[in-house]
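When you line the sequence shown up against our numbering, it's residues 371 to 824, in that order.
In this text, a Cβ means the ideal position worked out from N, Cα and C, and glycines have one as well.
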Amino acid sequence: MYRKDSTVPRGYGILYSLFLLGSAPRYLLRTVRNRRGPGIVQRFGLGVGFPSTRAGDCRLPGEGSERVSKRERDISRRDSSTSDVRSDRSVRPARSLWFHACSVGEVETAMPLVRLFARAYPDDALILSTVTETGQARARKLLGNEFVRYLPFDFGFAIRRHLSSVPLPRFFIVMETEIWPKLYSELSQHNIPLFIANGRISDRAWRRYRRAVEFLRGTMACVRAVGARTVQDAERFRILGARNVSVLGNIKFDRGAAPAPEGMPSGKFLLFASTHPGEDELFVRTWRSLRNRFPRLRAVLAPRHIERAPALAKKYGGALRSAGWKDESLLVLDTHGELAGLFSGATVAIIGGSFVPHGGHNPFEAAVQGVPILWGPHMQNFRDAVEVLEGRGGETVRENEELAEALEALLSDEDLRRQRGAAARAAASENTGAAERHFNFFRDRLFEGEGERR
């Protein structure tokens, strides 16, 4: 019997139920459009805590009825960043390591920390939960035969059913910031340590959170420790009521250089990475204007949300990546997990989400590949990265008109490109180590108040 406690804000259950009801029609419509009917049943079942595998059998959810393709398993085996995480076992482990990453970016960011804990606790099962379908797909590719699940809906019965279906979690680590009051409460009542890794609170999110400090204070008291990206993030977490907050840096800087996709196009190409509506027109127009001077210059347009790719390819006359590496002047990326590797061959990388007021995306994936980087004026979600890279391989383009000028300067000067790329790689190398700092910080607090570390 679980008591009602003050960690869950009053009225939260009603508000959350209304949110799910309001979201259901849009989700169903999108699912029908994308012809993913079976996914509705699986998502609902996992959301209310019904597992799609027996705990400890170390197979992907759905394996047996919906097998993972040989290609996906091959990718998982080739990925040196995850090959040492875990091997198959036939005996159900007694404990598990539960990580949560909302979507693709968080899944990728989690991997350095996952590897460190997996090595420290080799006998524990690994659980990685996500919220989005794209995050689920990427997690399956990276972790092959391990537990990959959707996060249960934030109802007590769903969370308890999930916990009863897996080996007892040694901890729960959530990447960046997702505040789920009922989940946090249930973990606290089960004495499962809860940590926030790579914690950040964006300006946009802070405008909402600071109006609900009293609403969230009890929930945040359930968190044992927070590893914050910056001093500003740490202060915001403290205001919300979090304890044991430490500035540990950005784990995204630790991800390392991804391997180039097989068959990647050669020659000069601009990589417009993680683009958002309102930017594509600017990027394509700029690229086309540069082709007057650089007629063989190609471009790769990588929308942040790949469901936009077919419409973009049709609008701008490009080819979809899923159709193969065609010798087209414009390629639109519509596949998961290849963007990071594409930076290795790019002549210049342009960071999307920064030419519209979105907040930008991670430029370190380009920096570790030694590529010159340009971004727009809206990089507020990656201020720490901008501070490190500005003037060291990265450059802010203040006005849209400056983009073509900055690109022309780089395209026409190979020595400048080489210098910028080397500076970016050096800056990235100097700012690694956040994953290890998180690992040590959390492990030191894992058995707080429980005597000797076990």
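Let me check one thing: in DSSP terms, what residues is glutamate 499 bridge-paired to?
It is serine, not glutamate, that sits at residue 499 in the sequence shown. Serine 499 is bridged to His470 and Arg519.
Taking the beta carbon of phenylalanine 817 as the centre, do at least 16 other beta carbons fall within 10 Å, making it buried, or is it exposed?
exposed
Could you check if isoleucine 384 is buried or exposed, using at least 16 other CB atoms within 10 Å of its CB as the buried criterion?
exposed
Is the CB-CB distance between methionine 590 and alanine 567 below 8 Å?
no
Just verifying my parser: in three-state terms, what is the DSSP assignment at alanine 582?
helix
Let me check one thing: in DSSP terms, what residues is valine 615 bridge-paired to?
Val596
Here's the rule I'm using: 16 or more other beta-carbon atoms within 10 Å means buried, otherwise exposed. How should asparagine 561 be labelled?
exposed
Going by beta carbon distance, what residues of the same chain come within less than 8 Å of tyrosine 686, once the five residues before and after it are set aside?
Asp650, Val654, Leu671, Leu700 and Val702
Give the secondary structure of arginine 437 by DSSP, where H, G and I count as helix, E and B as strand, and everything else as coil.
Here arginine 437 scores only 35 on pLDDT, less than 50, and its place in the model should not be relied on; the value that follows carries that caveat. If DSSP states are grouped into helix, strand and coil, arginine 437 belongs with coil.
For my contact list, arginine 815 and alanine 595 are in at a C-beta cut-off of 8 Å; report their separation, rounded to the angstrom.
5 Å
May I have a chain-ordered list of the alpha helix (DSSP H) segments no shorter than 4 residues that lie completely inside the stretch 679-714?
679-686 and 709-712
Within 10 Å of its beta-carbon, does serine 659 have 16 or more other beta-carbons around it, so buried, or fewer, so exposed?
exposed
Per DSSP, phenylalanine 639 forms a beta bridge with which residues?
Arg668
Applying the 10 Å Cβ sphere with the 16-neighbour rule, what's the burial state of aspartate 573?
exposed
Nearest to phenylalanine 541 by CA position, among Gly648, Leu467 and Lys552, is which residue?
Leu467
Do arginine 780 and arginine 788 have their CB atoms nearer than 8 Å?
The identity of residue 780 in the sequence shown is leucine, whereas the question assumes arginine. Against a cut-off of 8 Å, the Cβ pair of arginine 788 and leucine 780 comes out as no contact.
Can the beta-carbon of valine 484 be found less than 8 Å from the beta-carbon of arginine 508?
no
Compare the Cα-Cα distances from valine 669 to each of Trp550, Pro631 and Thr717 and report the closest residue.
The question names valine, but residue 669 is alanine in the sequence shown. For alanine 669, the nearest C-alpha among the options comes from Thr717.
Rounded to the nearest angstrom, what separates leucine 513 and phenylalanine 469 at their Cα positions?
12 Å
Return yes when the Cβ of phenylalanine 607 is within less than 8 Å of the Cβ of threonine 802, no when it is not.
no
Under 8 Å, do proline 680 and aspartate 697 count as touching if we go by C-beta distance?
no
Do you know how far the Cα of alanine 793 is from the Cα of alanine 804?
20 Å
Using a Cβ-Cβ cut-off of 8 Å (strictly less than) and excluding sequence neighbours within five positions of serine 644, which residues of its own chain qualify?
Ala672, Pro673, Arg674, Leu709, Ile721, Gly722, Gly723 and His731
State the Cα-Cα distance for the pair valine 501 and valine 477, rounded to the nearest angstrom.
11 Å
Assuming glutamate 778 and arginine 663 make a contact with CB atoms under 8 Å, what is their CB distance in whole Å?
7 Å
Could you check if serine 636 is buried or exposed, using at least 16 other CB atoms within 10 Å of its CB as the buried criterion?
exposed
Is the distance from the Cβ of alanine 471 to the Cβ of leucine 498 below 8 Å?
yes
Collapsed DSSP secondary structure at arginine 663 in the structure displayed
coil
Using a Cβ-Cβ cut-off of 6 Å (strictly less than) and excluding sequence neighbours within five positions of glycine 656, which residues of its own chain qualify?
The sequence given here places threonine at residue 656; glycine does not occur at that position. The residues are Leu773 and Ala774.
Please report the distance separating the alpha-carbon of glycine 688 from that of leucine 640.
14 Å
Less than 8 Å separating the beta-carbons of valine 583 and glycine 648?
no
Leaving out five residues before and five after tryptophan 695 in sequence, what residues of the same chain have Cβ atoms less than 7 Å from its Cβ?
Gly633, Met634 and Pro635
Three-way DSSP call (helix, strand, coil) for methionine 545 in this model:
strand
Measure the C-alpha to C-alpha separation of proline 747 and isoleucine 549 and round it to an integer number of angstroms.
29 Å
Measure the Cβ-Cβ separation of arginine 599 and arginine 581 and say whether it is below 8 Å.
no
Over what stretch of residues does the alpha helix (DSSP H) that includes asparagine 770 continue unbroken?
770-781
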